[in-house]
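Residue numbering for the sequence shown follows the working numbering, starting at 52 and increasing by one per position.
From the three backbone atoms N, C-alpha and C, an ideal C-beta is built for every residue, glycine too.
Worksheet: one structure, shown below.
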Amino acid sequence: MSNKKSYYAFEDPHGTAIEFQATSLQQAMVAKKKKAHELGIPKEAFELTSIRKKPTQST
């Protein structure tokens, strides 16, 4: 089995979006917890919105 990474996107009810590249959902959840802590937002506020093979294009 290959270790292909996917991009996991999360968003909170206020529209704050974060995206991580990770090899598993568990790894993405750990990254989400760390980023939420840095932002001062409870990790429970973020919901998984997508899992992609390529990053989301920011405009």
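Spanning the alpha carbons of serine 75 and histidine 65 requires a straight line of approximately 26 Å. Shortest Cα-Cα distance from phenylalanine 97 to any of Ser57, Lys84, Gln72 involves Lys84.
Looking at the backbone, the Cα of proline 93 and that of alanine 87 are separated by about 6 Å. Here glutamate 89 is exposed: its Cβ has fewer than 16 other Cβ atoms, across all protein chains shown, within 10 Å. When the Cα atoms are used, lysine 55 and arginine 103 turn out to be separated by approximately 11 Å.
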